[in-house]
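Colleague:
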Ligand code: B3K
Ligand code: ZN
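Numbering (our numbering), first residue to last: 20 to 884.
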């Protein structure tokens, strides 16, 4: 289904915000469900807040029904009312309708409308749609307008009553049940949190009693046959409910909390009030079908959506520019939760890996934008790593700067003051200014300036002092040539010969430069004082610190901060790889022996050791080339990275074998962090050992695997080793399991030789199980290729053409999914002139394709610059 939008859609601007001039006191909706002709009856009780204002209601693709006499069914207090299209250049069903001020009563009135919609034809998966015979909805950000005429904006909050008329056995909506198919949600909510689900579903049920003694019924609804895969998600839900009570003092507020798993979903999950809807990938898990990583995602996403009940639902966003108000905060809360449930350092490292891979990449290219953007064409394009992950980093910094207690006091004040409201970043920061009695206006620049700050650190002995000089710059980003200094919390310590000579300290860099110094005498005249900077990654910045290779190896062994220990290892590996990319062949024996020492240290968490053994990604190395003033060659990067892996495998083989054996699973599978950590080290060793010794061990590992984590690791290793039969063997076993087959599609591409991957991806799109209308399956194949830079950037341009062809095709069906995938091209300026020209050709081909969606159109225009 295409959006009927004008050729050049106008941007929406933060500066143009005006409040809605009406209050919606009550919403009563009745759905007569039908796959192709669902009738939606809406009764709105409305109070005008300002005199002489027209009533604007958004609506897209709605057929307004008529009474027997042909009068359109749009009535005020029972009488038909005249209306005009919201945009005079478009028909009323394109964007919405306006009722002239003259036809609006002075006091409260009832507006009724009856519309028809076609869920089966809704391939965009926004609004009311069908997924395998089941009705479901996705309304954030602006999907409710595809269901009924309504002021579909987050600052319009109302209580909803919903009646669902259908023969299907399970009929769900928000709030508390009032009998079969009837629901009442007493908490005023914006329309984007509306949800409806109807289908032949079964529940995995449980219950929870809140801290104040209120019983809550919990259900996870799935298709029959999947009910035995819900236990972990349910456990994660109960732990999340408990955690929010103890850590943030937040209790659940309805009698029932429902989660529904759907196969066709544009993203991970959605926090609809009392009725979370999830991509089945983030609910369903059994040891045989889900990896440890899948379990960790399920835990984090169940928590994330549950935490939105307060940060997002009870307190929502005034407008979509404030999206980070709910998303940054909720990501921070889910990161805290996962850190508490699992290993804090391992979680932090994983978060930073993700931040750098997605957000730093975004910030460095044409799609860079503020954590709080100031204009958009299609809001769905701003559910980005910047809004989510950098938004979470901003809150983490606030907590570091103010301290945990003041942070908690500020959040408490925010909940007290703003419960039931639609708020702004200004409202949020004002709470912290009040409790801390500090001026946060400079800190607010984290919301209003795009780009990753560069912090430069230099140090040395000056006279009788040891001096540390810190400075900052923020790079130019699209539309923002000049930047002001940020407030950057830098946690650091100073080391000398493996000893901490300055304990952990917080420096707040809020000017272009700052100087810190210590009398050498007070430090005991260190011979080689080295700072361990930005501990725990205390700010989302790029650090330029000239730590020598030898000092990096020392910090890799000695730094008391686990994050910086890992970071030192990563920097040492990156330096080594950059030397190899520059033409050197040998891997430093000192680095190899330091890695061996780390690997052997059984006092350290195995998951941490596994992370220490992982090399920077090919995409990281491409950026490292750019930072070093070089043009990255993805093929060379791939070859050199592999050479380093092979060298590590050869040099560390005896210790890798010891650890592989020591980490071998004992007892029944459990997805807990302890066992998952052991498997992660075991399987990391397996990958290296397959490189060193050939495929026999991986084959045995595959045959003996009792869970998907081990099977998948062995499968990937065997593919990498060129096993000719393993893909077919795996397929025979799992062709009936959709989620497992998503992995099968993806991993074949990521493990393929770069010159074979595009051909393989093409062949896989011809496979009878390649259902491109299913976003998970589409992402498996396209995402697999994009995640393999040497293949995607093949000098022939075949990777670019393949992706562009599919973006064009997907755009006509599901613009959101197409637009999201288009970020594959965001780094095009990094590459050589030939690749740039090839990418430009593809971007132009997409842009010139007639009938482009607002979503993909905006993305391509921004990327072309
Ligand atoms: N709030 C949703 C995301 C909605 C995306 C709309 N394109 C999921 C989440 O962040 O929890
Ligand atoms: Zn969220």
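Beta carbons are placed, not taken as given, at the ideal position from N, Cα and C, and that holds for glycine.
Could you tell me which of 339, 355, 334, 344 sits nearest to residue 318, measuring between CA atoms?
Modeller: Checking every option, the nearest Cα to that of residue 318 belongs to 355.
Colleague: Name the two residues that bound the continuous alpha helix (DSSP H) containing residue 323.
Modeller: It spans 311–326 - the alpha helix (DSSP H) in which residue 323 sits, taken as one unbroken run.
Colleague: Would you mind giving the Cβ-Cβ distance between residue 444 and residue 391, rounded to the nearest angstrom? I have them listed as a contact below 8 Å.
Modeller: 6 Å between Cβ atoms; contact.
Colleague: Could you tell me which uninterrupted alpha helix (DSSP H) segments, each at least 4 residues in length, are contained entirely in the region 732–815, listed from first to last along the chain?
Modeller: Runs of the alpha helix (DSSP H) inside the region 732–815: 745–753, 757–769, 773–783, 794–805, 808–811.
Colleague: Taking contact to mean 3 or more Cβ pairs, one atom from each stretch, closer than 8 Å, check whether the region 477–486 and the region 529–548 are in contact.
Modeller: The region 477–486, when compared against the region 529–548, does touch it at the 8 Å Cβ threshold.
Colleague: Take the Cβ of residue 871 as the centre, count every other Cβ of all protein chains shown within 10 Å, and call the residue buried at 16 or more, exposed below.
Modeller: Burial call: buried.
Colleague: Taking the C-alpha atoms as reference points, what is the distance between residue 554 and residue 421?
Modeller: Straight-line Cα distance between these residues: approximately 17 Å.
Colleague: Taking only three categories from DSSP, how would you classify residue 429?
Modeller: Looking at residue 429 - three-state DSSP - the assignment turns out to be helix.
Colleague: Under the rule that 16 or more other beta-carbon atoms within 10 Å means buried, what is residue 21, buried or exposed?
Modeller: Summary for residue 21: the model assigns pLDDT 42, below 50, so the residue's position carries little reliability, and this model does not support an answer.
Colleague: CB of residue 324 to nearest heavy atom of the ligand B3K: below 7 Å?
Modeller: For the ligand B3K, at least one heavy atom lies less than 7 Å from the Cβ of residue 324.
Colleague: Using the beta-carbon count (16 or more within 10 Å), is residue 456 buried or exposed?
Modeller: Exposed.
Colleague: Pull up the distance between the alpha-carbon of residue 306 and that of residue 667, whole angstroms please.
Modeller: Distance between the alpha carbons of residue 306 and residue 667 is about 31 Å.
Colleague: Using the beta-carbon count (16 or more within 10 Å), is residue 32 buried or exposed?
Modeller: Exposed, because fewer than 16 other Cβ atoms sit within 10 Å of the Cβ of residue 32.
Colleague: When the Cα atoms are used, what is the spatial distance from residue 182 to residue 324?
Modeller: If I take the Cα positions, the gap works out to 25 Å.
Colleague: May I ask whether a heavy atom of the ligand ZN can be found less than 7 Å away from the beta carbon of residue 335?
Modeller: Residue 335: no, Cβ never under 7 Å from the ligand ZN.
Colleague: With burial defined as no fewer than 16 other Cβ atoms inside 10 Å of the residue's Cβ, what is the status of residue 231: buried or exposed?
Modeller: It is exposed - the Cβ of residue 231 has fewer than 16 other Cβ atoms within 10 Å.
Colleague: Count the other CB atoms within 10 Å of the CB of residue 157; is the residue buried (16 or more) or exposed (fewer)?
Modeller: That one is buried.
Colleague: With distances taken between CB atoms, is the gap from residue 173 to residue 435 smaller than 8 Å?
Modeller: It is not a contact, given that the beta carbons lie outside the stated cut-off.
Colleague: Is there at least one non-hydrogen atom of the ligand B3K closer than 7 Å to the beta-carbon of residue 776?
Modeller: No; taking the cut-off as 7 Å, the Cβ of residue 776 has no heavy atom of the ligand B3K nearer than that.
Colleague: Short check: CB of residue 293 to CB of residue 276, under 8 Å?
Modeller: Their beta carbons are under 8 Å apart, which means residue 293 touches residue 276 by this criterion.
Colleague: Quick one: grab the DSSP three-state call for residue 111.
Modeller: The answer is helix: DSSP assigns residue 111 an H, G or I state.
Colleague: For residue 115 versus residue 164, is the C-beta spacing smaller than 8 Å?
Modeller: Cβ distance < 8 Å, so residue 115 and residue 164 count as in contact.
Colleague: Could you check the C-alpha separation between residue 27 and residue 876 for me, to the nearest Å?
Modeller: When rounded, the distance between both Cα atoms is 9 Å.
Colleague: Does the beta-carbon of residue 366, which I'm using as the reference point, lie nearer than 7 Å to any heavy atom of the ligand ZN?
Modeller: Residue 366 Cβ: outside cutoff for every heavy atom of the ligand ZN.
Colleague: Would the region 106–114 and the region 34–53 be scored as touching if the rule is three or more Cβ pairs under 8 Å?
Modeller: No, the region 106–114 is not in contact with the region 34–53.
Colleague: Can residue 461 and residue 529 be called in contact, C-beta distance under 8 Å?
Modeller: Going by C-beta atoms, residue 461 is nearer than 8 Å to residue 529.
Colleague: What's the call for residue 726, buried or exposed, on a 16-neighbour Cβ count within 10 Å?
Modeller: It is buried - the Cβ of residue 726 has at least 16 other Cβ atoms within 10 Å.
Colleague: Identify the residues that DSSP records as bridge partners of residue 134: which are they?
Modeller: Residue 134 is bridged to 59, 83.
Colleague: Counting C-beta neighbours from all protein chains within 10 Å, is the total for residue 223 16 or more, i.e. buried, or is it exposed?
Modeller: So residue 223 counts as buried.
Colleague: Going by DSSP, name the residue or residues bridged to residue 288.
Modeller: The partner list for residue 288 (beta bridge, DSSP) reads 297.
Colleague: Decide yes or no for the touch test of the region 125–140 against the region 73–89: beta carbon pairs closer than 8 Å, at least 3 of them.
Modeller: Contact holds: three or more Cβ-Cβ distances are below 8 Å.
Colleague: Quick check on the burial criterion: 16 or more other C-beta atoms within 10 angstroms. Buried or exposed for residue 204?
Modeller: So residue 204 counts as buried.
Colleague: In three-state DSSP terms, what is residue 20?
Modeller: Because the pLDDT at residue 20 is just 39, under 50, the model does not fix this residue reliably, and the point stays unresolved.
Colleague: Please identify the residue among 169, 243, 227 whose C-alpha is closest to the C-alpha of residue 209.
Modeller: Minimum Cα distance to residue 209 is reached at 169.
Colleague: Measuring alpha carbon to alpha carbon, tell me which residue in 784, 46, 72 is nearest residue 829.
Modeller: When each option's Cα is compared against that of residue 829, the closest is 784.
Colleague: Taking only heavy atoms of the ligand ZN into account, decide whether any of them is closer than 7 Å to the Cβ of residue 405.
Modeller: No, since every heavy atom of the ligand ZN falls outside the 7 Å radius drawn around the Cβ of residue 405.
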